[in-house]
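A.B. asks: A single structure is presented below for examination.
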Amino acid sequence: MEFKSNIPIYLQVIHDIKARIICGELPPGSKLPSSRELAVKYGINPNTAARIYNELEAAGISYTKRGIGTFINETPTLVDELKKEFLEDALTDFTERVSSLGYSKDDIVNLLVEFYSNN
Numbered sequence: 002m003e004f005k006s007n008i009p010i011y012l013q014v015i016h017d018i019k020a021r022i023i024c025g026e027l028p029p030g031s032k033l034p035s036s037r038e039l040a041v042k043y044g045i046n047p048n049t050a051a052r053i054y055n056e057l058e059a060a061g062i063s064y065t066k067r068g069i070g071t072f073i074n075e076t077p078t079l080v081d082e083l084k085k086e087f088l089e090d091a092l093t094d095f096t097e098r099v100s101s102l103g104y105s106k107d108d109i110v111n112l113l114v115e116f117y118s119n120n
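Sequential numbering from 2 applies to the sequence shown in my numbering.
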């Protein structure tokens, strides 16, 4: 994974893990690699890997069983919540970029309707 310089590494890895949960690569209940394995996989500092797991647990995305490992939370709505979060982020980014070109929210809605009716 190539990291963007303008976004903290730990946030980029968290985003990648969330994306892997959404696409089913990391299904609910699955075990995550150890902090050391995560650090090696992403080429990051072990302290950063530990922070990632702390953040995921604080967000309710994962949980830790002492001596066993860290697992993806099995909450039935987890994947839907992550999908909604990704969609809202994408729409916010899109709206900000298009608004900076001078389009109003109504213009954006009309452009999207037109775009999807033609494709």
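Even glycine gets a Cβ: it sits at the ideal position worked out from N, Cα and C.
1) Quick check for students: name the residue ranges of the alpha helix (DSSP H) that lie wholly in the stretch 11 to 68, counting only runs of 4 or more.
2) If you count every other CB in all the chains shown that lies within 10 Å of the CB of L27, and 16 or more means buried, which is it?
3) Please classify Y64 as buried or exposed, where buried requires at least 16 neighbouring CB atoms within 10 angstroms.
4) What is the DSSP secondary structure of I109, counted as helix, strand or coil?
5) Considering only DSSP beta bridges, list what I73 is partnered with.
6) When the Cα atoms are used, what is the spatial distance from E56 to N119?
7) Using alpha carbons as the reference points, say which of S101, P9 and E86 lies closest to I53.
8) Pick helix, strand or coil for E3, following the three-state DSSP scheme.
9) Between I14 and I45, how many whole angstroms is the CB-CB distance? I'm expecting something under 8 Å.
10) Less than 6 Å between C-beta atoms, sequence neighbours within five positions excluded: which residues of the same chain meet that for V99?
C.D. replies: Taking the coordinates as given:
1) List check, alpha helix (DSSP H) in window: 36 to 43 and 47 to 59.
2) As a first step, residue 27 must be located in the sequence shown, where it is residue number 26. The residue in question, L27, is buried, as its Cβ has 16 or more Cβ neighbours within 10 Å.
3) Locating residue 64 in the sequence shown gives position 63, counting from the first residue. Y64 comes out exposed.
4) Counted from its first residue, the sequence shown places residue 109 at position 108. Per DSSP, reduced to three states, the secondary structure at I109 is helical.
5) One-based indexing of the sequence shown puts residue 73 at position 72. Beta-bridge analysis with DSSP links I73 to S63.
6) As a position in the sequence shown, residue 56 is number 55, starting the count at 1. As a position in the sequence shown, residue 119 is number 118, starting the count at 1. When rounded, the distance between both Cα atoms is 42 Å.
7) Translated into the one-based positions of the sequence shown, residue 53 becomes position 52. Each of S101, P9 and E86 was checked against the Cα of I53, and the nearest Cα belongs to P9.
8) What you label residue 3 is simply residue 2 of the sequence shown in a count that begins at 1. In the three-state scheme derived from DSSP, where H, G and I count as helix and E and B as strand, E3 is classed as coil.
9) On the sequence shown, residue 14 is found 13 positions in, with the first residue counted as 1. On the sequence shown, residue 45 is found 44 positions in, with the first residue counted as 1. Residue identity differs from the one stated: residue 14 is Val in this sequence, not Ile. The beta carbons of V14 and I45 sit about 7 Å from each other, so the pair counts as a contact at 8 Å.
10) Your numbering for residue 99 matches position 98 in the sequence shown. The answer, listed in chain order, is I109.
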